[in-house]
Structure formats: structure tokens, C-alpha cells
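Chains as they are written, first to last, in my numbering: chain A, 72 to 676; chain B, -15 to 277.
Here the structure is laid out as C-alpha cells; the discussion comes afterwards.
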């Protein structure tokens, strides 16, 4: 069945390409149909099934983890495809855009299905290649962004490939489960080398420090809807590798304990997560481009996921896995709502927008629920995973990590509020007075995602069943829950009760509100202006340098992006030097003649 | 049914005593500044008066924001134990309370920025930045208590203080929590988000009539949550009236400090929180970890 799905997607990519030559709106419909069909097939597909692929036996294995990641990917792709039905008219190469999107889906599903490391690598490269050609269809700077993408991605994949070959030369097999049984008996140096190399791919792809620099460029400049896939789904491929490697290999047995039951490898990873959270949060706070802002928030959330997974206990690991699906949904909602805004206004700069809530209320609600989930505020599902990670960290007394996690958590309120205030609230710009709500094909997937986030925030059982299945599959103690009651050793809470109390509070407030005299509606221009008479209300909007007073505190921070660019400059300078010396000019001839003479003198011919 | 009664009890306590204590606080401030001050029931008059006037609205998000603010804070308050009075026994998880609390704050921020007045945006930007300052040391101190008692249930921690308050067991932590409390309450020296003379009361700039009244109630409830948490964590909670007495003492202390201090600039406040209180918080956490091993 898995093999058939992969074949259908490959054929679908070609068919979609040809059909969208007829009418470009058909392409996304093909992708949507394929995603829904795959989701339908995989939802009830029995886990722990082995299958061959094109004659190679037992290359594919559908595990509980494959199921979880496939379903979240398909949710993201289905909403992306439905949204594209209208949006595709703005795409630069609609047929190629669509065909490559299907190839990307094929690659990622293949990654989630493979139990054979070399098959996994091949599918991984298919996914990267598919997305690689979509990224440059975005803004002007997107061609440069593609270089960031390919370079950092290949650092990760080559590390992975090298690790796979190291394992193959020792055991003569590519099967990850077979390797996992033998690895604990190896020397400590070999274990470190292999795990660092394999995890490298996950770190590069999920945008964790020090390989986080590509996210700002790529997510910020890629085609607007594809940013949703990049941040919501492709980055999760990296999280998949992290989760897989950390659980298939018995990491807590292989490495010695470092602090309160956390092994040394996990501890190193947790620190990478800490730094990612700090960088992601502080950089997101100062962005004026809304897509780049959320790109940095993806870095921070990659850190959360890594910290959760690396704790490897029943609460923290489950929290990490839950955070993957939450961030996937939230990032998709946010980027799709941005795509709708750009579709109508044509800009991503926060300070060129404002007051769009009065024209695009559904887009606003999507963004609002997206950020509520991203910032981890109940009653959305985003809070549940944050709560689980917090409980795990507190029960182990990891106070330094807690500090980073709390800075990231409170900092997320700051950065998500910036587009909220700058783009959707405040004064409506006079040039946007005639903007309309996004077309219906765009609003439908947004509303469905909003519903799903709130639903899983109140009734998280379905997600928790998937997660505990994964934990059971790897022989880990599963997270405990009874209905909507989530339990840890540090205490429990009930999502349903909290939601009911929130509703009660809201009703009490609403009753007071209704009983009291009604307010009179006044226009946006009717404002307190400190006694000034204003001619241009476009300027009466606080959006640029929103947190200037705070940004000033870390103005001269070191930048890894600049560090990497300086490496590039060094390489360029060396290349130029060689180029200069290989040219047929008088000075080059003179240089070589001098070298030859010097050599002759030196060997005393 | 019993739960509903207890929730009502918590909310009514917060309403009557919250407003009364605010009135007493105004009186104390006035006396420190050598004024006579308003009567202790002035805040009841203010809330009722504003609620019954005809006001102006700036559109649906403004109305919705106000409702979400008050609704969120009411929901939070119902989970907070007032000493022995716990509306939902076992469900008073610290992180749930802290994060539920932000629903109200977000509602208020959204509604106020929704008015379209830039002063409101500036006020909210400052409030969020200040929050980044005070929350981090506060959360580290409280989580070190949670780690010490191996629970994140507030009632369990209250019970565990039967043999002595955490104020004496963890004096450094209590100090940090109190400094953070001052920021949470928005009292001087951490008053920059509302700074009336500087940014026209920040978020409140466009408020009128019942919107003002609803947000005054919300503010009272927010203060009640913040101070109750401090009393529960460090002063051992206590029976109903003992709890209220402890509450009043903490409140008066905060008011007295705010009456004599000037205002920090926002970046000074954050820089302050991220130096002295955070180091003290880590010192406290370090002591807790050492005790455990």
C-alpha cells in the first residue's frame, strides 16, 4: 500500500502538471485529492507493517511514528492545496509549482515510511529537491535564499549519509532497527560520531542552532503559501529524524547520566535547543517583515521540540511530539493568513499595513487562533504541549533550561503581537480602504485549521493516542491521560474543565456587558490625539520599531548569518586570487616566472 | 453544584474585598502624600458609575477584547486557591493558572490596540516587554518551589507549609517573588505601561463608560490572582479571614512602596529584572537543588 501511494503521487505529479497546463486551478485540486486520499488510507492503516519497494524487500515500515508524522503532513498539505486553488493565479510558474509540491509530499511521505537508511536518504533528497525549485519562485531575493537552503540542507544530508556509510561499513546493513541492536556494544567514540552525524540532518532541517540561518531567508522569501509547507511540514521532517534517532537507538542506555536522569547527549541537544530558543525569540522580536518574524519563531519552536524530545521521559518526550503537531498547525495557519494578506495587499512589511481586521475578519481570526496556539495559551492545543515540556523540566529541576524556555514563551507573546497590532489592528491605511476578505477557497482551509486547533485543545485524546502509541512502540512508558484529564507525577489538569470555566467567565462578562447601556459606534478616526488636529490618519499607527526600547538592549549582538557570510567571502577571495593567477596577463606570467625562478634557485639547479 | 457555589464564593470575595482593599490602598497612598484621600468605598462607586454610562465603541474587536479580558481573568481566578477555599480541588495547577492568566491580558491588549490609537499600542508594547522582565525570575523561583515539593498543585504546597511558611524557608525566593509582584501589579517603579502623564494612560486611552468599568473589574481580579498566588506560595495560605488579612498586608506593603518611588524607564526595568532578581532566583534554585542531593 505504501508503495502504491508513492506511485500514485509520482503519477499524480505528472498528471497534475499536464492538467494544469489546461487550467492552472486544476493542479491544486489534484494535490488536494491525493492528500485526502492518502490521509483516508493511512488513518486506519495497521501500524508495524513491513513492505518492499520496487523489488527491494522490507525497505518500508509503517510504524506509529510514521503514522503520526504522515497524518500531520497530510493535514498541512491538504490545507495548502485547498488554499492554492485560488492563490495559484498569483504563482509565477503554476504548473511547475504544483507538480513540485506533489514531489515534495512524495519525498516526505517516503522519509516517514523508510526503515532503510539509504531509502530514507533518497526520499529525503527528493523532498529537498522538490522544495528547492519552488523556493526561487518567490520574492526577488528568493534566488539567494535558495543558496542558503541548498548549502545548509546539504551539510545536514551529507552528515547523515556519512553516518549511514560508517554504519554500513561496520554492520553491512542499512536497516535502522538491526543497527540499533548492535550499536550499544560499540566504543564510545563511534557512538558519538554516528549519532552526531545522523542527528546533524535533523538539526539542519528543523532549523536548530547552529544551522538555523537558512530559515529567515527561505521562509521569508519563498512563495507565500509554500512558506506554510516549509515551516509547517518540511521542518517537521527534521524533527522526525531527531525523534527517530533518539528513540530507535537506546540513547539513555548508551550514554552516561549527566544531570538528574538526563544523559550527556540529550544534555548537549537541550543546550542547542536553549540557544535556538534565545536566538529565535530575540530575532523574531525585531523583525519588520511578518514572514521573517514567524520564520524566526520556527527556530525558537524547533528548540522547544528538541528540548522536549531530548528529555526522553514519558511527559517531556510526549510534549515534544505534541508540540510538533501544534507548531505544524499554528505555522500553517499563520503563514496562510499572511498569504491571504499578501494576496490582497501585496506587501509583507508590517509597517506598510494596518487595520486589516475591518476588511479581512476571517483572516484575522485565523491569525489570532494561530498565535494563541503558538504562544501556548489555553484553550488551544499549543498550551498542552508547553505544559508537558514545563512539567518535565520542573520535575528534573533543570532551572537554566527553564530560563530559556520561559524567555521563549513570554517572548513569543511579544513577537506574535507585533503583526497582530501592526497588520490587523490599528488604523486602516487609506490605500487599503477597498481591500476585500480573501476568496472563499482561502478562508475554508483556514477555518478548518482554526477548528482543529481549538478542538484538539479541548479534546486532545486523538493526538495523545497517536503519541502514546509511539511511546509504547519504542518500549517507553506512555504518557497518562483519562479522557480530557492529563496526568503527570507533578499533578494533573483537565482541558475540558478549563474550557468550561473560560466559557463561564466569558458568559458572566457578556451578561454584565449586555445589561449595561449600549455603546455608540464611532469611526476609527475618532481618536484621542493629545489635542492635535490630524490630516493623515495613515501615520497615526504604531507599527515600525514596535519594541525599539527593548531592541536597543541587544543591538550589537553577534550574528551567525554574518559569520557564515564571512566564510563565504573568504572562499570568494581565495577563488578570486586563483582566478587572477590563472589569467593570461603580464602580471600573472611574471608571478609564475618568479615562482619558477625561485624554485630553480632553491633546488640549486 | 458545590463547585458552582465555591466558584461564586471565590468571585464574590474577589469582587468585594478586591475593591475594598483597592479603596484602602488609595487612602494609604493619600496619607503618605499628605492628602485626605477618597473614602474606602470609592472604587465601588467608580465601577458602578462607569458601568451605567453611555459610552463609545470602536468596533467588534474592541467589544470582544473587553469580554475576553474579563472572561479570561474570571476563569483564571476560579482556579486560584484562596487559602483553604479551593473551587476546583486538584486542578489548581500552577502553569495552568499562569497561562490562563494571559488569555485575559491578550484580550485586553487586543481590544485596546483594536481602538486604533497608537498610545494604546505603545502601552501594550511596554506591558509585554515588562512582562518579559518580571516573569522569568518569578517563574524560576516558583518552579524551584515546585521542584522542592515535587508537585505543581498549589493546595499541596499550602498544606506543606503547616510547619513554617515558605517566606522563612525560602527568604531569597520570597524577596524575588515580591519584586516581581510589584511589576505584575504595575505599581511604581514598574508603572511605565500605563504612565498617565507620559503616554496618556497607555492601553486605557480610548476607554469610556462600561468598557472602563469592565476593565476596572478585570484589573481588580488580576490583582487578586497575583497577590493570592504570593500569599499561597510564601505565606502559607490559611483560613478565609486569615488569608484575607495576609492579603491585605501584602497589598498595603506594595501600595506603600509604590507611593514613594518614581518610575523606571521600560528598558531599565527589564535590565533590572534580568540582573539582580534573576541572579537571586538562581541562587534560590541552586540552594534548593543542593538541599535535594
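Glycine included, C-beta positions come from ideal geometry on N, C-alpha and C.
Computed from a predicted model, the values in this text were never measured in an experiment.
Reference residue 129/B, options 117/B, 104/B, 156/B, closest by Cα
156/B
Buried versus exposed, by CB contacts within 10 Å (16 or more), residue 211/B:
Buried is the call here.
Under the three-state DSSP convention, the category residue 545/A falls into
coil
Mind checking whether residue 231/B and residue 69/B have CB atoms under 8 Å apart?
Judged by their CB atoms, residue 231/B and residue 69/B are not nearer to each other than the 8 Å cut-off.
Taking CB distances under 8 Å as the criterion, tell me whether residue 592/A reaches chain B.
Taking Cβ atoms only, chain B reaches closer than 8 Å to residue 592/A, which makes this a yes.
Is residue 404/A closer than 8 Å to residue 508/A when the C-beta atoms are compared?
no
DSSP three-state label for residue 41/B, please.
strand
Please report the distance separating the alpha-carbon of residue 286/A from that of residue 578/A.
42 Å
Using CA atoms only, rank isn't needed, just tell me which of 122/B, 35/B, -6/B is closest to residue 583/A.
35/B
The region 449 to 460 of chain A: positions lying closer than 9 Å to chain B by Cβ
449, 450, 454, 457, 458
Quick one: using the 10 Å Cβ neighbour count with 16 as the cut-off for buried, is residue -14/B buried or exposed?
exposed
How is the beta strand (DSSP E) around residue 92/A delimited, first residue to last?
Counting along the chain, residue 92/A falls outside any beta strand (DSSP E), though it belongs to the alpha helix (DSSP H) covering 73 to 93.
Positions along the region 278 to 310 of chain A whose CB lies within less than 9 Å of some CB in chain B
Flagged: no residues at all.
Within a Cβ cutoff of 6 Å, which residues of the same chain sit near residue 120/A, ignoring the five residues on either side of it in sequence?
133, listed in sequence order.
Measure from the C-beta of residue 86/B to each C-beta in chain A and report whether the shortest distance is under 8 Å.
Interface with chain A (8 Å Cβ-Cβ cutoff): residue 86/B is included.
Shorter than 8 Å from the beta carbon of residue 102/B to some beta carbon of chain A?
yes
Using a Cβ-Cβ cut-off of 7 Å (strictly less than) and excluding sequence neighbours within five positions of residue 174/A, which residues of its own chain qualify?
The residues are 84, 197, 201.
Count the other CB atoms, across all protein chains shown, that sit within 10 Å of the CB of residue 411/A; report buried if there are 16 or more and exposed otherwise.
buried
Answer with yes or no whether the minimum CB distance from residue 98/B to chain A is below 8 Å.
Chain A contact via Cβ: present.
Three-state secondary structure assigned by DSSP to residue 354/A
Residue state for residue 354/A is assigned as helix, using DSSP reduced to three classes.
Contact set between residue 164/B and chain A, taken where Cβ atoms lie within less than 8 Å:
Chain A residues near residue 164/B: none, gap ~12 Å exceeds 8 Å.
Just verifying my parser: in three-state terms, what is the DSSP assignment at residue 121/A?
strand
Is the number of C-beta pairs between the region 194 to 214 of chain B and the region 104 to 121 of chain B that are closer than 8 Å three or more?
no
Sequence-distant residues of its chain with Cβ nearer than 6 Å to residue 204/A (five each side left out):
171
DSSP state of residue 420/A mapped onto helix, strand, coil:
strand
Is it right to say residue 171/B is buried, meaning 16 or more other beta carbons lie within 10 angstroms of its own, or is it exposed?
Looking at its Cβ environment, which holds 16 or more other Cβ atoms inside 10 Å, residue 171/B is buried.
Give, in chain order, every residue of the region 478 to 511 of chain A whose Cβ lies closer than 9 Å to some Cβ of chain D.
The chain inventory of the structure shown lacks chain D, comprising the protein chains A and B.
Run of the alpha helix (DSSP H) containing residue 651/A, from where it starts to where it stops:
631 to 653
Helix, strand or coil for residue 246/A per DSSP?
strand
For residue 382/A, three-class secondary structure by DSSP
In the displayed model, residue 382/A falls within a helix according to three-state DSSP.
How would you label residue 628/A, buried or exposed, when you count the other beta carbons within 10 angstroms and need 16 or more for buried?
exposed
At least one CB of chain B closer than 8 Å to the CB of residue 623/A: is that the case?
yes
Assigned exposure category for residue 641/A - 16 Cβ within 10 Å defines buried:
exposed
CB contact below 8 Å: residue 375/A versus chain B
no
Option in 97/A, 147/A, 112/A, 116/A with minimal Cα separation from residue 160/A
The option with the nearest alpha carbon to residue 160/A is 97/A.
So that I know if they touch, is there some Cβ in chain B lying closer than 8 Å to that of residue 394/A?
For residue 394/A, the answer is no, since every Cβ of chain B falls outside 8 Å of its Cβ.
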